[in-house]
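Sequential numbering from 20 applies to the sequence shown in this note's numbering. C-beta atoms are modelled at their ideal positions from N, C-alpha and C, and glycine is treated no differently.
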Amino acid sequence: MQKSEELAETSVIVFKQLLELGIAPNRLFIGIIKNDNDTIEAWSTNVDGSKLANQFSPQASKNKSIKKMLDGWKQQKKSLVVDMKGKELETYFRYLSEDMKVPFIDGLKQKRRVQTIAYFSGGLIGMAAPEEQPDDTIHLLERFAAVFNLTYTRFKDLKIAEANAEKAEQDLIKLQAAKKSAEDALSELQLTQTQLIQSEKMASLGELTAGIAHEIQNPLNFVNNFSEVSKELLDEMLEELENGDMEEVRAIMDDVIQNLEKINHHGKRADGIVKGMLQHSRSSTGTKEAVNINTLADEYLRLAYHGLRAKDKSFNATLVTDFDDNIGTIKIIPQDIGRVVLNLLTNAFYIVNEKQQSNKNGYEPTVTLTTKKTGNLVIISVKDNGNGIPKHVLEKIFQPFFTTKPTGQGTGLGLSMSYDIVTKGHGGELNVETKEGEGTTFIIKLPNN
C-alpha cells in the first residue's frame with residue numbers, strides 16, 4: 020500500500036477473499052480512527068464487492084452504533100459484534116445514507132444487520148451481514164486485522180512522508196522564487212553601476228565595483244547549488260517512497276531540511292547585501308604595470324586640489340610633498356591606486372577646509388603627501404592638520420556607505436573602495452593614525468615585488 024486511497028482497494032481484496040472462503044458479507048469496510056477519537060475515516064465496498072467511489076467519515080458522537088464500534092477500539096478489544104435491529108438499525112441506515120451519502124440498494128429493507136468488527140492499532144476492519152457470524156469467521160477477521168496492522172504501520176509512515184515531501188516541495192518553490200528575486204536584485208544592482216559613474220563624488224571610481232558583485236555572487240552560488248541538490252534529493256525520495264524504504268526517506272528528508280535552512284540563510288545574506296549596497300563597483304580588470312609612484316602621486320595631488328578650488332574659490336591650503344627618489348617604479352594598477360590617492364586627498368582637503376571655516380584664528384590648512392621606500396614596501400602617506408577622527412567614528416570609516424559628511428556631499432563608498440583596492444587588489448595595507456584636534460594620517464603600504 021503506497022497511498023491512502025489504496026485502502027479502498029484493500030477492502031475489495033478482503034471482500035473477495037471472504038467470498039472465496041465461503042463467507043458472504045453485505046459490505047466490507049476499513050476504518051482509520053482520527054486523532055479526535057471520534058471520527059472514523061472509512062473506505063468501503065459496495066454490496067457487490069466493488070470499490071465504493073468516495074471515502075466517508077462517520078462520527079461516534081453522531082450515531083449510537085458507530086459509538087459502539089469506536090468504544091471497542093478504545094477498550095483495546097480484538098473484536099466486537101454490533102447486532103442492530105429495530106430503531107437502532109433504522110437510525111444507523113439513515114445516518115449512513117443521508118448524512119454520509121453511502122449508497123444502499125436493498126440493504127435498507129433489512130430487519131437485522133450484524134457488524135462484525137476486528138481491531139488493529141489504528142482502526143478497524145468491519146464486515147456487515149444480515150446474521151451473526153460463527154466464531155471461525157470472527158477469528159479469521161481478527162487475523163486479517165493483525166496482518167493489516169503491519170501494512171497500516173507502513174501506511175502511516177507513508178502519510179508522514181507524503182506530507183513532508185509536499186511541504187519540502189512547497190518550500191523549495193518558495194526558495195526558488197527567493198532565488199529569482201535575489202538574481203533580479205543583482206541584475207538591478209549591475210544596472211545601477213552607470214549611476215555610480217555619473218555621481219559627481221564617485222566619477223573617478225566609475226569602472227570599479229569593489230567586490231560587491233562578488234559578495235552577492237557567493238550566497239547566490241550557495242542558493243543555486245543547494246537548490247539543485249535539494250531537487251535531486253526530492254527525486255531520490257520519490258523513488259524511495261515507491262520502494263517503501265522509509266528509513267532512507269527519513270534520511271533524505273533530513274538532508275533536504277538542512278539544505279533548505281542553508282538556502283534560506285544565504286538568500287537572506289544576499290538580500291541584506293543588495294539592500295545595503297544599492298550602488299557599488301566591481302574589481303578592475305586592468306593589469307599591473309610599472310609606474311613611477313611619485314609622478315602618479317603628484318598628478319593626483321594637483322587634480323584633487325584644483326578640483327576643490329574649482330568648486331570653492333575661497334579655499335586655500337598649503338601643499339607639502341616629500342617624495343623618495345629612490346623608489347623608482349612599482350608594479351600597480353595605476354588607475355586604481357590613483358583613485359585611492361585621489362580619494363584620500365579629496366577627504367583631506369575637505370577636512371582642513373571644514374576646520375578653516377570654523378576656525379579663523381591663525382589656522383593654516385595643510386595637507387602633506389609623502390612617499391617612502393622601506394625594505395620591500397612602498398609607503399604613501401596623506402596627512403592633514405584637521406580636527407582628527409573621534410574614536411567612535413574611527414571604527415566605522417572603512418564600512419561601505421558610512422560618512423560624516425552632510426547628506427548629498429558624500430556617498431560613503433570612497434574609503435571602503437580604497438581599502439579593497441589596496442588590500443584585495445594589491446595585497447597591501449591601508450591604515451589610519453589620528454589624534455583629535457590635531458589631524459589624521461592615512462598610510463598606504465604596497466608590496467614592491
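DSSP lists no beta-bridge partner residue for Gly91. Spanning the alpha carbons of Gly407 and Ser246 requires a straight line of approximately 50 Å.
Following the DSSP letters along the chain, one finds Gly142 inside the beta strand (DSSP E) bounded by residues Gly142 to Ala148.
Straight across, the Cα-Cα distance linking Glu181 with Leu253 is about 11 Å. At a Cβ-Cβ threshold of 8 Å, Thr453 and Leu413 count as neighbours. Fewer than three pairs of CB atoms, one per stretch, sit closer than 8 Å, so the segment 97-107 makes no contact with the segment 50-60. Judged by DSSP secondary structure, Gln354 falls within the alpha helix (DSSP H) whose first and last residues are Pro353 to Ser377.
According to DSSP, Thr348 shares a beta bridge with Asn311. Taking C-alpha positions only, Leu47 is separated from Gln152 by approximately 14 Å.
Asn450 carries a strand assignment under DSSP once its states are collapsed to helix, strand and coil.
Secondary structure at Pro238: helix, using DSSP grouped into helix, strand and coil. The alpha-carbon of Leu194 is positioned some 7 Å away from that of Ile282. Here the alpha carbon of Gly394 sits roughly 14 Å from the alpha carbon of Gly447. For Leu434, there is no enclosing beta strand (DSSP E); the residue is found in the alpha helix (DSSP H) stretching over Gly433 to His445. Val339 counts as exposed, since fewer than 16 other beta carbons sit within 10 angstroms of its beta carbon. For Met103, the secondary structure class from DSSP, reduced to helix, strand or coil, is strand. Contact between Glu202 and Leu257 fails: their C-beta atoms lie close to 27 Å from each other, not under 8 Å. In this structure, Val33 sits near Phe163, with a CB-CB distance shorter than 8 Å.
Of all alpha-carbon atoms in Ser206, Phe112, Asp343 and Gly145, the one lying nearest the alpha-carbon of Lys130 is that of Phe112. For a cut-off of 8 Å, the C-beta gap from Asp341 to Ile370 is around 20 Å, too long to register as a contact. Taking every protein chain shown into account, the CB of Asp118 has fewer than 16 other CB atoms within 10 angstroms, so this residue is exposed.
By the neighbour-count criterion, in which a residue is buried when 16 or more other Cβ atoms sit within 10 angstroms of its Cβ, Thr64 is buried. Taking the C-beta atoms as reference points, Leu361 is found no nearer than 8 Å to Tyr324. Straight across, the Cα-Cα distance linking Asn366 with Tyr382 is about 18 Å.
By the criterion of at least three beta-carbon pairs nearer than 8 Å, the segment 307-316 is in contact with the segment 347-355.
According to the DSSP assignment, Leu413 belongs to the alpha helix (DSSP H) that extends over Lys410 to Leu413.
Nearest in C-alpha terms to Ser80, of all of Met88, Asn73 and Gln74, is Met88.
Secondary structure of Gly407 (DSSP, three-state): coil. Residues Ile370, Val371, Lys374 and Gly458 of the same chain have their beta carbon placed closer than 6 Å to that of Gly405, with the five preceding and five following residues left out of the count.
Counting along the chain, the unbroken beta strand (DSSP E) around Ile462 starts and ends at Gly458 to Pro466. At the C-beta level, Asn45 and Pro149 come within 8 Å of one another.
If you ignore the 5 residues before and after Thr442, its C-beta comes within less than 7 Å of the C-beta of Glu448 and Leu449, all in its own chain and listed in chain order. Inter-residue distance for Gly433 and Gln418 is about 10 Å (C-alpha atoms, whole angstroms). For Ile192 and Arg269, the gap between their C-alpha atoms comes out near 21 Å.
Of the residues assessed, Asp155 falls on the exposed side of the cut-off, its CB having fewer than 16 other CB atoms within 10 angstroms. By the neighbour-count criterion, in which a residue is buried when 16 or more other Cβ atoms sit within 10 angstroms of its Cβ, Gly105 is exposed.
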